[in-house]
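Visitor: Residue numbers (the numbering used here), protein chains in the order written: chain A, 1 to 194; chain B, 1 to 194; chain C, 1 to 194; chain D, 1 to 194.
Number of protein chains: 4
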Amino acid sequence: MLQTKSQDIAASLQANVALILEENRKLADRIQYSEVATIIPFIQGAERIFLVGAGRSGLALQSAAMRLMHLGLSVFVVGETITPAIREGDLLLAASGSGTTSSIVKAAEKAVAAGAKVVALSTTAASPLAMLAAHAIIVPAAQKEDHGTTVSEQYAGSLFEQAILVLTDAVFQTLWSLDKTPAEELWKRHANLE
Amino acid sequence: MLQTKSQDIAASLQANVALILEENRKLADRIQYSEVATIIPFIQGAERIFLVGAGRSGLALQSAAMRLMHLGLSVFVVGETITPAIREGDLLLAASGSGTTSSIVKAAEKAVAAGAKVVALSTTAASPLAMLAAHAIIVPAAQKEDHGTTVSEQYAGSLFEQAILVLTDAVFQTLWSLDKTPAEELWKRHANLE
Amino acid sequence: MLQTKSQDIAASLQANVALILEENRKLADRIQYSEVATIIPFIQGAERIFLVGAGRSGLALQSAAMRLMHLGLSVFVVGETITPAIREGDLLLAASGSGTTSSIVKAAEKAVAAGAKVVALSTTAASPLAMLAAHAIIVPAAQKEDHGTTVSEQYAGSLFEQAILVLTDAVFQTLWSLDKTPAEELWKRHANLE
Amino acid sequence: MLQTKSQDIAASLQANVALILEENRKLADRIQYSEVATIIPFIQGAERIFLVGAGRSGLALQSAAMRLMHLGLSVFVVGETITPAIREGDLLLAASGSGTTSSIVKAAEKAVAAGAKVVALSTTAASPLAMLAAHAIIVPAAQKEDHGTTVSEQYAGSLFEQAILVLTDAVFQTLWSLDKTPAEELWKRHANLE
């Protein structure tokens with residue numbers, strides 16, 4: 001009886017992993033990669049790159065920040081101790097599913113006011129964040145679909161947050177392929193005091 | 001000419017997204033879900049749940065920690081300000097691809113010494129972390145395959161780190177389906193001061 | 001010559017330590033302790049205590065958060081991973097020298113809207129933060145004095161930030177003396193996985 | 001009756017503030033400032049400065065890290081997202097009251113192995129951390145005194161942690177006086193996206 005239950009749980013977990021990956025696969029088909037591609041010259045042309053997101057979007061961007069640091073770029077996460085003022089020449093990469101998270105919109109406004117460029121990641125082109133940005137990458141992860149179903153069966157913004165990780169990891173892979181630095185050189189930059 | 005380059009970049013990004021999702025899909029087929037299922041009673045039976053990981057594995061676990069908090073569980077991330085001492089009755093969820101990261105192994109040793117239970121997420125069953133743990137979930141994300149190729153073309157531990165996010169999000173979905181609390185109730189627990 | 005320089009530096013450091021401690025001593029004489037005392041019943045009566053501050057004020061409050069956790073209270077730092085929604089019955093302790101830092105004022109507004117109580121630490125009673133708060137503790141650390149000199153020769157808000165640490169450590173000592181739990185019991189709560 | 005209690009609390013708070021400042025003042029008299037002065041050329045000569053401490057010592061060092069960033073130095077806090085590998089030419093500033101905290105000693109060992117210099121802040125010259133360091137600054141904050149009393153009546157390492165903040169703020173003031181950059185220039189570096 002208990003064994004059956006454990007089998008049910010295993011089946012539920014397997015189904016949920018499949019669901020998550022299938023939702024991400026379908027989402028990947030709906031992304032405009034020419035739109036995503038525009039982020040590359042923004043990153044390459046920036047003196048320094050700042051990243052900001054709230055909650056789990058913020059954690060996905062922190063994962064991206066580590067990889068950009070491994071590439072040898074000058075990167076800062078908003079809210080960490082040693083993050084300096086943003087200024088002209090810098091890039092702010094800001095993620096918010098709704099594009100309305102007040103602290104993220106506020107950060108984008110301040111970045112624009114300081115003369116920095118903003119690239120937004122959001123589900124909605126018409127959001128305050130996307131409209132503030134020099135360039136917006138739309139991740140259609142949580143919008144309603146035609147027949148009354150939503151894009152995702154997952155809780156809250158999970159699909160958007162997963163997509164931010166997948167997309168920024170793809171951006172990293174593409175930057176790395178352009179950069180051609182051997183993995184060994186990147187590896188030397190990994191934090192070595194923890 | 002520049003336009004061609006931009007098209008190349010878009011194609012590279014699309015290919016990299018497909019690569020990441022396909023690597024995760026193949027990995028998902030090799031996971032033992034009965035092994036993963038064992039984590040559910042550990043979580044349900046724990047007084048408090050502590051999570052620890054270094055670098056991007058740690059960030060994936062922080063995403064998991066938020067969701068466990070949304071479920072109403074008592075959760076702490078090792079290294080954050082208000083994380084108290086672990087003790088008997090508590091669970092430590094520890095992730096390390098190699099299973100050898102010294103700070104993570106050390107934390108697991110201390111948790112065991114304090115009488116807490118440890119569940120490990122690692123690529124290798126024979127690693128110090130996995131062997132310390134009451135239960136180890138093996139994510140075969142970076143082991144060598146038969147024909148001289150590796151499991152992943154991605155940089156470093158990226159596949160493992162992505163898999164930790166996917167797997168813990170599946171664990172959350174399963175816990176939530178057992179729990180049956182309406183999304184509205186979970187939503188009320190989301191941080192509201194940021 | 002170089003030795004003289006090293007002696008000069010030693011003298012400068014000693015003078016600066018003396019300056020910092022003397023500025024804090026003078027400030028301590030100008031604090032209304034009956035006003036500070038009001039924080040004690042707010043802390044004792046709160047279900048959970050949330051702390052928020054930007055930059056170095058925030059770090060001083062994080063030091064306070066650790067001590068409140070050591071006392072066995074339920075404490076959260078705004079912005080950390082597992083911090084849930086604030087609600088009625090909770091207390092927000094918010095520090096801002098100017099009382100105008102937008103993210104801190106915003107957090108206080110949201111806390112009030114959620115039915116929580118706010119206690120503010122600020123240099124200025126007439127500031128938005130102090131006026132929002134159920135109770136404000138004024139730390140007169142950076143206001144202009146009569147004869148054209150400022151309260152502090154230190155850079156920026158240093159004196160305020162130091163005062164937050166001193167004051168919250170005094171609050172801890174007083175709470176602990178009321179609580180009478182032996183140091184050994186507090187010690188058992190110290191983080192043991194780092 | 002209740003009012004008397006409130007008066008007692010106010011008196012207790014005032015006495016505790018006085019105690020904290022008096023303990024710091026006495027401690028300041030026992031510090032060897034020529035020993036502290038040696039940190040200045042280490043900081044000035046470092047390519048990049050890394051800071052590491054656990055718990056409240058770590059928070060005090062984070063406050064110091066912010067100020068060093070305001071001075072325009074290249075600074076990293078161990079454990080934050082974008083902290084790269086330490087290497088030859090870099091400085092690790094490590095604080096541990098006991099000088100035995102395992103994660104801090106381990107970080108210092110790794111820094112030395114990587115060819116970086118280590119400056120330690122500790123209460124004990126004979127501690128593993130102090131002995132590993134190229135230079136140790138002894139803060140005699142928690143050692144037993146002659147007549148059976150301790151140096152501090154405060155809980156645990158509070159005096160050491162306060163002293164780290166005071167001492168590093170004095171180091172900042174001295175560095176700033178040598179540097180002569182106007183406050184307005186430092187101010188421009190303060191985080192502007194929060």
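Built from N, CA and C at the ideal position, the CB exists for glycine as well.
Please list the residues of the region 106-134 of chain A that have a C-beta atom closer than 9 Å to any C-beta atom in chain C, keeping them in chain order.
Guide: Hits within the stretch, in order: K106.
Visitor: Classify P84 (chain B): buried if its beta carbon has 16 or more other beta carbons within 10 angstroms, exposed otherwise.
Guide: A residue is called buried when at least 16 other Cβ atoms come within 10 angstroms of its Cβ; P84 (chain B) meets this threshold and is buried.
Visitor: For N192 (chain C) and I86 (chain B), I'd like the C-alpha separation in whole angstroms.
Guide: Spanning the alpha carbons of N192 (chain C) and I86 (chain B) requires a straight line of approximately 7 Å.
Visitor: Taking C-alpha atoms, which residue in B:T181, B:T124 and B:E185 lies nearest to I31 (chain B)?
Guide: B:T124
Visitor: Could you name the residues that DSSP lists as bridge partners for K117 (chain C)?
Guide: According to DSSP, which records beta bridges pairwise, K117 (chain C) is partnered with C:L91.
Visitor: Find out if the Cβ-Cβ distance for the pair E194 (chain C), S103 (chain D) is shorter than 8 Å.
Guide: yes
Visitor: Can you say whether S12 (chain D) is buried or exposed, counting buried as having 16 or more other CB atoms within 10 angstroms of its CB?
Guide: buried
Visitor: Tell me, please, whether the CB atom of S98 (chain B) is closer than 8 Å to any CB atom in chain D?
Guide: no
Visitor: Within its chain, find whatever has a CB closer than 8 Å to the CB of D146 (chain A); leave out the 5 residues flanking it on each side and keep chain order.
Guide: Note that D146 (chain A) has pLDDT 43, beneath the 50 cutoff, so the model's placement of it is unreliable and the number below is only indicative. Closer than 8 Å at the Cβ level, and outside the excluded window around D146 (chain A), lies no residue.
Visitor: Flag this pair as yes or no: are the beta carbons of V119 (chain A) and I39 (chain A) separated by less than 8 Å?
Guide: yes
Visitor: Roughly how far, in whole angstroms, is the beta-carbon of V77 (chain A) from the beta-carbon of I82 (chain D), given that I think they are within contact range, below 8 Å?
Guide: Right, their Cβ atoms sit about 6 Å apart.
Visitor: If you draw a straight line from the C-alpha of G89 (chain C) to the C-alpha of A114 (chain C), how long is it?
Guide: If you take the alpha carbons of G89 (chain C) and A114 (chain C), they lie about 10 Å apart.
Visitor: Would a check of beta-carbon distances place S57 (chain B) closer than 8 Å to chain D?
Guide: So no, S57 (chain B) is outside the interface.
Visitor: Taking Cβ positions only, does N16 (chain D) come closer than 8 Å to chain A?
Guide: no
Visitor: Look at A65 (chain D) and V75 (chain D) and say whether their C-beta atoms are less than 8 Å apart.
Guide: yes
Visitor: Compare the C-alpha of V112 (chain A) against each of A:L51, A:A15 and A:L91 and name the closest.
Guide: A:L91
Visitor: Assign I137 (chain C) to one of three DSSP states: helix, strand, or coil.
Guide: strand
Visitor: Quickly, what does DSSP pair G53 (chain A) with across the bridge? List them, please.
Guide: A:A95
Visitor: Which of the residues in the region 160-180 of chain D, read from start to end, lie with their CB under 7 Å from any CB of chain A?
Guide: none
Visitor: Compute the Euclidean distance between the alpha carbons of W187 (chain C) and H70 (chain C), then round it to the nearest angstrom.
Guide: Using only the alpha carbons, I get a separation of about 7 Å.
Visitor: Leaving out the 5 sequence neighbours to the left and right, which residues in its chain are closer than 7 Å to P162 (chain A) when beta-carbon positions are compared?
Guide: According to the sequence provided, residue 162 (chain A) is Gln. The question's Pro does not apply to it. Taken in chain order, the residues that qualify are I20 and N24.
Visitor: In chain D, which residues lie less than 7 Å from G53 (chain B) when you measure between Cβ atoms?
Guide: Going along chain D, no residue has its Cβ under 7 Å from G53 (chain B), so there is no contact; the nearest lies around 12 Å.
Visitor: Are V36 (chain B) and L167 (chain B) closer than 8 Å when you measure CB to CB?
Guide: yes
Visitor: Cα separation between S6 (chain D) and Y33 (chain C)?
Guide: 10 Å
Visitor: To the nearest whole angstrom, what separates the beta carbons of V52 (chain C) and A107 (chain C), a pair I think is in contact under 8 Å?
Guide: 5 Å
Visitor: In three-state DSSP terms, what is T150 (chain D)?
Guide: strand
Visitor: With a threshold of 8 Å between beta-carbons, can Q62 (chain A) be considered close to chain B, or not?
Guide: yes
Visitor: V77 (chain C) lies in the beta strand (DSSP E); which residues open and close that run?
Guide: V75 to V77
Visitor: Does H190 (chain B) have its Cβ less than 8 Å from a Cβ in chain C?
Guide: yes
Visitor: Any C-beta of chain C sitting closer than 8 Å to the C-beta of L21 (chain D)?
Guide: yes
Visitor: Provide the residue span of the alpha helix (DSSP H) that contains I164 (chain C), from first to last.
Guide: S158 to D179
Visitor: At a CB-CB cut-off below 8 Å, which residues of chain D make contact with S102 (chain B)?
Guide: Correct list: K106.
Visitor: Does the beta carbon of G198 (chain B) come closer than 8 Å to any beta carbon on chain D?
Guide: This structure gives no information on residue 198 (chain B), because the portion of chain B shown stretches from 1 to 194.
Visitor: Are the CB atoms of A156 (chain B) and S96 (chain B) within a distance shorter than 8 Å?
Guide: no
Visitor: Closer than 8 Å, CB to CB, is M1 (chain A) near chain D or not?
Guide: At M1 (chain A) the pLDDT is 45, less than 50, meaning the model places this residue with poor confidence and gives no usable figure here.
Visitor: Sort C:R56, C:Q62 and C:S152 by Cα distance to D169 (chain C) and report the nearest one.
Guide: Relative to D169 (chain C), the option among C:R56, C:Q62 and C:S152 whose CA is nearest is C:Q62.
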